[in-house]
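>
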Amino acid sequence: MSIQTKYKDLVTIGCVIIGSLLCAVNINTFISAGGLFPGGFTGLTVLIQRSFEKYAGISVSYSLVNFTLNAIPAYIGYKTVGKKFTFYSCVMIILTGVFVEILPTTNITEDILLITIFGGILQGVALGIALRGNASSGGTDFIAMWISQKTHQPAWNYILGMNAVMLIVAGYLFGWDKALYSIIFQFCSTQIINTVHKRYKKMTVFIVTSDPDIVIEEIQNTTHHGVTRFEGIGTYYGQPRTMLYTVVDSMEVKGLVNRIREIDRTSFVNVTKTEYVEGKFYQTPIE
Numbered sequence: 001m002s003i004q005t006k007y008k009d010l011v012t013i014g015c016v017i018i019g020s021l022l023c024a025v026n027i028n029t030f031i032s033a034g035g036l037f038p039g040g041f042t043g044l045t046v047l048i049q050r051s052f053e054k055y056a057g058i059s060v061s062y063s064l065v066n067f068t069l070n071a072i073p074a075y076i077g078y079k080t081v082g083k084k085f086t087f088y089s090c091v092m093i094i095l096t097g098v099f100v101e102i103l104p105t106t107n108i109t110e111d112i113l114l115i116t117i118f119g120g121i122l123q124g125v126a127l128g129i130a131l132r133g134n135a136s137s138g139g140t141d142f143i144a145m146w147i148s149q150k151t152h153q154p155a156w157n158y159i160l161g162m163n164a165v166m167l168i169v170a171g172y173l174f175g176w177d178k179a180l181y182s183i184i185f186q187f188c189s190t191q192i193i194n195t196v197h198k199r200y201k202k203m204t205v206f207i208v209t210s211d212p213d214i215v216i217e218e219i220q221n222t223t224h225h226g227v228t229r230f231e232g233i234g235t236y237y238g239q240p241r242t243m244l245y246t247v248v249d250s251m252e253v254k255g256l257v258n259r260i261r262e263i264d265r266t267s268f269v270n271v272t273k274t275e276y277v278e279g280k281f282y283q284t285p286i287e
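Heads up: the sequence shown runs through residues 1 to 287, numbered per the UniProt record's numbering.
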């Protein structure tokens with residue numbers, strides 16, 4: 001195992017631990033205090049827990065329900081998304097369950113709107129940290145990653161739509177005010193994740209350079225993306241110039257631009273957001 005691989009694994013483990021702890025704190029504080037239903041299988045677990053407690057008088061373990069619900073999505077993730085990604089996601093599921101059981105339940109505030117907004121933000125930060133470390137909280141995250149792999153687009157807003165079905169059930173059983181506040185909670189969480197998680201976001205890079213061959217080699221070696229080359233004349237000095245066009249993952253942009261500027265200090269680089277890509281596009285596989 002290379003040093004780089006060991007470093008990546010250590011980063012992933014750290015992200016998983018921090019993400020699990022934040023998720024558990026959120027469940028035992030904001031979610032519990034507000035009677036909210038978070039998105040995904042975490043929310044479904046909470047819904048099942050409260051249903052058993054209200055209608056059967058039975059207290060069900062969070063860990064037991066959550067582990068059971070995640071069994072099938074974890075298998076799907078293992079087969080379709082990535083083995084290492086699924087493994088670390090399962091570790092996060094287990095750690096979150098353990099932290100929920102051992103951490104105390106506390107009420108930070110009684111203001112339901114503050115609970116909803118800051119709980120959603122904390123949930124988004126927790127999941128965003130996990131995703132940046134190449135892991136997830138399981139459940140619908142596996143589904144979202146699978147959809148993203150197929151479409152090469154972020155799928156978190158689709159998951160928000162899927163969660164609406166669960167909230168309709170929760171609203172019918174426990175009151176529509178909790179369900180409606182949970183929509184705000186999930187919206188805040190989704191927006192944070194969309195901001196933090198950049199894997200399926202694309203950026204278009206235009207480079208005007210006088211050393212195109214070296215720059216092309218650097219782009220292809222570091223990103224594995226193709227480059228389109230245009231020859232032209234710079235009108236300011238009237239000198240021949242080459243414009244290179246490529247589309248890369250947003251996570252690759254900063255490092256790539258820095259390397260291009262090191263190679264050719266006279267280069268001019270323009271980076272723009274890409275809304276949609278059609279055609280062959282190399283996507284770094286999830287391990």
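A virtual CB, placed ideally from N, CA and C, is assigned to each residue, including glycine.
1) Expressed to the nearest angstrom, what Euclidean distance is found between the alpha-carbon atoms of ARG241 and HIS225?
2) Do you know how far the Cα of LEU69 is from the Cα of ILE48?
3) Regarding MET162 and the ligand SAM, is the C-beta to nearest heavy atom distance less than 8 Å?
4) In angstroms with no decimal places, state the Cα-to-Cα distance between SER189 and GLU53.
5) SER20 CB to nearest chain C CB: under 9 Å?
6) Considering Cα atoms alone, identify which of LYS273, THR266, THR12 and ASN270 is closest to SER136.
7) Grab me the residues of ASN163's own chain with a C-beta within less than 8 Å of its C-beta, minus the 5 sequence neighbours each way, in chain order.
8) Looking at the unbroken alpha helix (DSSP H) that takes in ILE245, where does it start and where does it end?
9) Using the beta-carbon count (16 or more within 10 Å), is GLY97 buried or exposed?
10) Given a threshold of 16 other Cβ atoms within 10 Å of its Cβ, counted over all protein chains shown, does PHE268 qualify as buried or as exposed?
11) I want to know whether the region 253-270 touches the region 206-216 - three or more CB-CB distances under 8 Å.
12) Any chance you could list the alpha helix (DSSP H) runs of at least 4 consecutive residues sitting entirely within the region 181-243, in chain order?
According to the structure shown:
1) 22 Å
2) 11 Å
3) The ligand SAM is absent from the structure shown, which contains no ligand whatsoever.
4) 27 Å
5) Going by chain labels, chain C is absent from the structure shown, which holds only one protein chain.
6) Among LYS273, THR266, THR12 and ASN270, the Cα nearest to that of SER136 is on THR12.
7) GLY39, GLY40, GLY43, THR140 and GLN186
8) According to the sequence shown, residue 245 is Tyr rather than Ile. Segment 239-249 is the beta strand (DSSP E) holding TYR245; no alpha helix (DSSP H) there.
9) buried
10) With fewer than 16 other Cβ atoms inside 10 Å of its own Cβ, PHE268 counts as exposed.
11) yes
12) 212-223
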